[in-house]
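Asker: Residue numbers (mature numbering (1 follows the signal peptide of the UniProt record, and there is no 0)): -24 to -1, 1 to 309. Yeah, the Cβ is synthetic: ideal placement off N, Cα and C, and Gly gets one too. Please see the structure below; I have some questions.
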Amino acid sequence: MRAYLTASGAALLLVLTGAAPAVADGADQSFTIEDPRITESSGLAASRLHPGVYWTHNDSEDGPYLYAVDSRTGKTVATVTMRGVGEPRDVEAVSIGPDGNLYVGDIGDNLDGSWDHVWIYRFPEPKQLRDATVRATQFDVTYADGARNAEAMMVHPKTGRVYIASKNEDGGGLYEGPARLSTGGNNVFRRVGEVPWVTDGAFSPDGTRLVLRSYFSARGYAFEDGRLGDDYRVDAPFQGQSESVTYTADGSAVMFGSEGAGSGVERVDVESGDGAEGGTSPSGKARDGAGADTGASGDEGEGQGGSAALGAVIVAAAAVGALVLKRRRRAAD
């Protein structure tokens, strides 16, 4: 009987059989965030100065904090406190620009348009990994077509322009910021493309691809001259509440994260062309939008598809339930 494994399942099998390939110093592999303070990891960015380190943050009710987590151990190796900014409301994204700055997106709006503006904070990535307080620059952000909810903010690694993807059940938009952010007034973001429901996004290190993830799937897009091109399927793991994504610093893999205490960050290797030629999985089987293989045939294919579908339903129900509870809790506050 044939069995089709996801990339994560195949990796687990290799580990259990002792056949896993050697990886230099264990960096940039799947890991678990061990810090008990990080219970709502909503953004992820691979450090450019510290190999194997990932920046993350909680999304709300946590304060102006960013955490540097070492993928080798899952432990926090630095906590950065931002000052010079207001009280964060709903921090949903983090990205690193070509200027070496960390950009933090306080862009969430769970009431879908209750804030007339949101904020982006910026400060240089620390050269040393230690607890520190840094002065950040705060930018006011508005949208040309009115306020909206968003959880994905991406800084283009070549141009430095900031993009935001709005979050909407019926499909959101990709918004382009000004060529340079200004502290002198509102930075107006204008809609330049249509995207599905998005919880986070990331540019490839060369800036030619953009990955956008949702709770149940991920899509990749060719990206040129500030506009979305052809889209393609991207392998994505099933996670309890899928909230974050980033490329590794070398672009060899995409790292997917989720919310929750002791949440996992899972590595998915990038194939040649990142699947753009036809949206295939590492096994060459066509994949559905949720990331499950659909290449089986006959009775085995039906059984495999049924199991995958059942798993998807269970995970979807759990994620939706978590989202509803989260919104109720915030509404009550």
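Between which two residues does the beta strand (DSSP E) holding ASN163 run?
Answerer: Start and end: 163 to 171.
Asker: Output yes if chain C places a C-beta closer than 8 Å to the C-beta of ALA225; else output no.
Answerer: Among the chains in the structure shown there is no chain C, since it carries only a single protein chain.
Asker: By DSSP, does GLY177 sit in helix, in strand, or in coil?
Answerer: Of the three classes helix, strand and coil, the one that applies to GLY177 here is strand, per DSSP.
Asker: For HIS93, which residues of its own chain have a beta-carbon under 7 Å away from its beta-carbon, when the five flanking residues on both sides are left out?
Answerer: For HIS93, where only same-chain residues beyond five positions count, the Cβ hits under 7 Å are ASP116, VAL117, THR118, ASN162.
Asker: Closest by CA to GLY160, which one among GLU127, ARG137, ALA126, GLN114?
Answerer: Comparing Cα-Cα distances from GLY160 to each of GLU127, ARG137, ALA126, GLN114, the minimum goes to GLN114.
Asker: Would you mind sorting VAL241 into buried or exposed? The rule is 16 or more other CB atoms within 10 Å of its CB.
Answerer: By the neighbour-count rule (16 or more Cβ atoms within 10 Å), VAL241 is buried.
Asker: Give the straight-line distance between the Cα atoms of THR49 and GLU145, rounded to the nearest whole angstrom.
Answerer: Rounded to the nearest angstrom, the two C-alpha atoms are 36 Å apart.
Asker: At what residues does the beta strand (DSSP E) containing PHE214 begin and finish?
Answerer: It is not in any beta strand (DSSP E) - PHE214 carries neither H nor E in the DSSP assignment.
Asker: Short of 8 Å in beta carbon distance, which residues of its chain neighbour ARG59, apart from the five on each side in sequence? Order them along the chain.
Answerer: Excluding positions up to five away in sequence, the list reads PRO40, THR109, VAL110, ARG111, ALA112.
Asker: Should THR32 and VAL53 be called a contact, given that it needs their Cβ atoms to be closer than 8 Å?
Answerer: Against a cut-off of 8 Å, the Cβ pair of VAL53 and THR32 comes out as no contact.
Asker: In whole angstroms, what is the alpha-carbon distance linking VAL61 and TYR97?
Answerer: The alpha-carbon atoms of VAL61 and TYR97 are separated by roughly 8 Å.
Asker: Determine the DSSP secondary structure at GLY196, reduced to helix, strand or coil.
Answerer: Strand at GLY196.
Asker: Buried or exposed for SER23, going by 16 or more other Cβ atoms inside 10 Å?
Answerer: SER23 comes out buried.
Asker: How long is the line joining the alpha carbons of HIS26 and ILE9, rounded to whole angstroms?
Answerer: Answer to the nearest angstrom: the Cα atoms are 17 Å apart.
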